[in-house]
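Working notes, structure below.
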Amino acid sequence: MKRYLTGMDWVVNTLDYTAKAQSGIGNHSAVILEFKKSPHPKALETLLNNFTQKFPLLNGYPSRAMNLCPYWKVPFGEKALPLRIKIIKLESHSLYLELLGAQVNTALQNIREHLVFTLIESKNNAFLSMTFDHRILDAKGAEDFLYLLQQHDEHKTTLQNFSSSPQLNNWKEKLLAGRQVNRFLLNFTKVPPRIIPFRSLNDPCKFKVVCLNAAQTEHFTNSAYTQAGYLMFLPYALAKSIQIMHQIFQEKNIPGSIYLIPVPIDRRAKEATQKETFFNHFSFFLFKIDAAKIDNLGELLTEIKQQMYTQVKNRLPEAIVNASFLLRIATLPIANFFLKLMSKKHFASFSFSYLNNAHQPDKLLEEKVENIFHLPRMPKPPGIGIFFNQFENKLNITLSYFDDLLNEAQANQVTASLEALGNEN
3 MKRYLTGMDW VVNTLDYTAK AQSGIGNHSA VILEFKKSPH PKALETLLNN FTQKFPLLNG
63 YPSRAMNLCP YWKVPFGEKA LPLRIKIIKL ESHSLYLELL GAQVNTALQN IREHLVFTLI
123 ESKNNAFLSM TFDHRILDAK GAEDFLYLLQ QHDEHKTTLQ NFSSSPQLNN WKEKLLAGRQ
183 VNRFLLNFTK VPPRIIPFRS LNDPCKFKVV CLNAAQTEHF TNSAYTQAGY LMFLPYALAK
243 SIQIMHQIFQ EKNIPGSIYL IPVPIDRRAK EATQKETFFN HFSFFLFKID AAKIDNLGEL
303 LTEIKQQMYT QVKNRLPEAI VNASFLLRIA TLPIANFFLK LMSKKHFASF SFSYLNNAHQ
363 PDKLLEEKVE NIFHLPRMPK PPGIGIFFNQ FENKLNITLS YFDDLLNEAQ ANQVTASLEA
423 LGNEN
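If you read the sequence shown in the numbering used here, its first letter stands for residue 3, the second for the next number, and so on.
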């Protein structure tokens with residue numbers, strides 16, 4: 003089986019190459035299912051192995067075809083690698099996040115390993131972590147994959163489409179898209195953005211998770227709709243995150259007057275995601291925010307919405323996808339060189355994302371899922387990320403960071419401010 007990689011797939015493969023060159027750890031993250039009662043470990047191990055064996059592409063790796071187009075190669079006739087499942091029993095509930103983070107900061111064993119599961123059991127609850135390779139799943143795809151796992155547990159079947167075209171055509175359109183994106187980036191970075199200096203050390207990424215209850219989430223959502231407009235959750239959450247991070251930048255005396263914030267988006271309908279769970283299906287908004295506007299929430303929201311509308315009107319997210327196809331001809335070292343060259347001009351101040359419209363499991367092996375949250379391992383740069391997701395009308399916010407960018411007190415300050423959003427008047 004041969005699945006041709008899209009331009010965004012190749013960007014993610016390049017980021018994986020870059021991350022491994024920096025730290026030996028690839029571009030991967032974890033999605034966490036929380037239970038009050040742990041699924042039976044042996045039954046879970048059997049279910050996971052039976053389920054993953056149905057997807058041969060989980061045993062694959064990137065290669066390049068005779069037409070120079072990269073593709074995902076699935077070795078024919080080779081036995082799938084055994085799935086790694088770690089089971090940890092905890093006496094102290096307070097250690098669970100540290101242990102989950104340690105799994106995210108552990109390198110995958112080889113080029114054919116893309117999923118690792120960890121079950122953490124404590125007296126009060128349990129956590130099932132799926133560390134996933136971003137080359138094979140994005141964040142929405144990871145949740146959808148676990149939803150398919152629930153369907154398998156319930157003996158349902160869901161068709162998946164793994165075919166793809168090499169898309170070696172419409173080069174004029176791709177070149178014009180590349181020119182549009184380049185002009186956009188050059189215009190956005192005439193003034194150097196504010197960035198926190200970082201060390202190129204192989205230190206672990208750290209995580210803090212804020213879990214709002216249903217009432218706090220409703221309050222936050224109502225505030226977003228009241229102040230930003232109906233269905234304007236993303237601009238409001240981004241604006242509040244910018245205000246919180248701006249305070250940190252001010253306290254650290256970071257020079258500059260402009261923030262540059264990438265926001266990955268996947269605007270596909272929910273039904274479309276289930277047909278294309280695997281690989282990458284996102285693009286980006288990119289926001290340039292004047293620090294002088296940040297204290298005024300109304301002015302900040304107007305700026306964010308105006309930039310978002312302009313980028314949609316100019317079809318910039320589509321242009322980024324089309325332009326990314328031009329990168330596929332480059333090998334990973336060369337693609338890495340070009341991305342590094344761009345990053346010297348286009349540093350991000352921090353990263354923001356909001357995940358919605360994913361299929362989410364509500365139980366597994368008859369045990370009810372109480373919550374789902376993510377631990378996205380943030381690459382350097384930018385080294386700081388704020389990640390929003392929802393599960394059953396409950397909002398989770400993850401701060402991903404490194405010690406050389408935020409110390410413990412600053413990270414706690416950020417999460418305390420994020421938690422306060424659920425009670426803000």
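We put the CB at the ideal spot given by N, CA and C, even for glycine. Only a predicted model underlies this, so the values are computations on that prediction, with no experimental measurement involved.
Measuring straight from C-alpha to C-alpha, what distance separates Pro168 and Ile336? Walking along the sequence shown from the start, residue 168 turns up at place 166. Walking along the sequence shown from the start, residue 336 turns up at place 334. Whole-angstrom Cα-Cα distance: 20 Å.
Nearest candidate by alpha-carbon position, reference Ala321, set Ile291, Tyr238, Leu7 and Leu177: The residue you call residue 321 lines up with position 319 of the sequence shown. Ala321 has its Cα closest to that of Leu177, out of Ile291, Tyr238, Leu7 and Leu177.
Confirm the yes/no value for this check: CB of His221, any heavy atom of the ligand SAM, distance under 7 Å. Looking for the ligand SAM in the displayed structure turns up nothing, as the structure carries no ligands at all.
Residues near Gln412 by beta carbon distance below 6 Å, same chain, minus five either side: As a working note, residue 412 is residue 410 in the sequence shown. Result list for Gln412: Ile250, in chain order.
Using only alpha-carbon positions, find the residue among Glu47, Gln229, Ile267 and Leu329 that is nearest to Asn298. On the sequence shown, residue 298 is found 296 positions in, with the first residue counted as 1. Checked all of Glu47, Gln229, Ile267 and Leu329; the closest Cα to Asn298 is Gln229.
Could you work out which residue in Ile138, Phe286 and Gln252 is closest to Pro266 when comparing CA atoms only? On the sequence shown, position 264 is the one that residue 266 refers to. Taking only the C-alpha atoms, the option nearest Pro266 is Phe286.
By the DSSP assignment, the beta strand (DSSP E) with Tyr232 in it spans what residues? Counted from its first residue, the sequence shown places residue 232 at position 230. Looking at the DSSP string, Tyr232 is not in any beta strand (DSSP E), and its letter there is neither H nor E.
Does the region 218-238 come within contact of the region 302-314, defined as at least 3 CB pairs closer than 8 Å? yes
Inter-stretch contact at 8 Å, needing at least 3 Cβ pairs: the region 127-144 / the region 20-30: yes
How would you write the range of the beta strand (DSSP E) that Phe53 sits in, first residue to last? The residue you call residue 53 lines up with position 51 of the sequence shown. Taken as a continuous stretch (DSSP letters only), Phe53 belongs to no beta strand (DSSP E), being part of the alpha helix (DSSP H) at Pro43 to Thr54.
Considering Thr417, what are the terminal residues of the alpha helix (DSSP H) in which it resides? Position 415 of the sequence shown holds residue 417. Residues Glu410 to Ala422.
Along the chain, where does the alpha helix (DSSP H) that runs through Ala21 open and close? Locating residue 21 in the sequence shown gives position 19, where the first residue counts as 1. Unbroken alpha helix (DSSP H) run through Ala21: Gly9 to Ser25.
Look at the Cβ atom of Phe200, then the Cβ atom of Ile263, and state whether they are nearer than 8 Å. Here residue 200 corresponds to residue number 198 of the sequence shown, with the count starting at 1. Here residue 263 corresponds to residue number 261 of the sequence shown, with the count starting at 1. In this structure, Ile263 does not lie closer than 8 Å to Phe200 by Cβ.
Where does the unbroken beta strand (DSSP E) through His376 begin, and where does it stop? Along the sequence shown, one-based indexing puts residue 376 at 374. Element bounds for His376: Glu369 to Pro378.
Pick from Glu394, Pro378 and Asn395 that is closest to Gly387, judged by C-alpha positions: For this step, residue 387 is matched to residue 385 along the sequence shown. Here the closest residue by C-alpha is Pro378.
Relative to the C-alpha of Ile90, which candidate in Pro84, Glu301, Ala128 and His116 has its C-alpha closest? Here residue 90 refers to the residue found at position 88 when the sequence shown is read from its first residue. Cα-wise, what sits closest to Ile90 is Ala128.
Residue closest to Gln252, alpha-carbon to alpha-carbon, out of Ile197, His221, Thr223 and Leu288: On the sequence shown, position 250 is the one that residue 252 refers to. The residue with the shortest Cα to Cα distance from Gln252 is Ile197.
Can you check whether the CB of Leu397 is closer than 8 Å to the CB of Gly9? By one-based count along the sequence shown, residue 9 stands at place 7. By one-based count along the sequence shown, residue 397 stands at place 395. No, they are not a contact pair.
Tell me the DSSP bridge mates of Lys396? Position 394 of the sequence shown holds residue 396. According to DSSP, which records beta bridges pairwise, Lys396 is partnered with Phe393.
Which residue wins for smallest C-alpha separation from Leu302, given the options Asn316, Lys342, Phe339 and Tyr261? One-based indexing of the sequence shown puts residue 302 at position 300. For Leu302, the nearest C-alpha among the options comes from Tyr261.
Per the contact definition of three or more C-beta pairs closer than 8 Å, is the region 97-117 in contact with the region 199-215? yes
When you compare each of Asp268, Ala293 and Asp205 to Ile244 by their alpha carbons, which one comes out closest? Here residue 244 corresponds to residue number 242 of the sequence shown, with the count starting at 1. Closest by alpha carbon: Ala293.
Strand pairing of Leu357, partner residues [DSSP]: Walking along the sequence shown from the start, residue 357 turns up at place 355. Answer is Asn391.
Collapsed DSSP secondary structure at Ser326 in the structure displayed: In the sequence shown, the residue the question calls residue 326 occupies position 324. Three-state result, Ser326: helix.
Inter-residue spacing [alpha-carbon to alpha-carbon] between Phe284 and Pro64: Working through the sequence shown from its first residue, we reach residue 284 at position 282. Working through the sequence shown from its first residue, we reach residue 64 at position 62. In a straight line, the C-alpha of Phe284 is about 19 Å away from that of Pro64.
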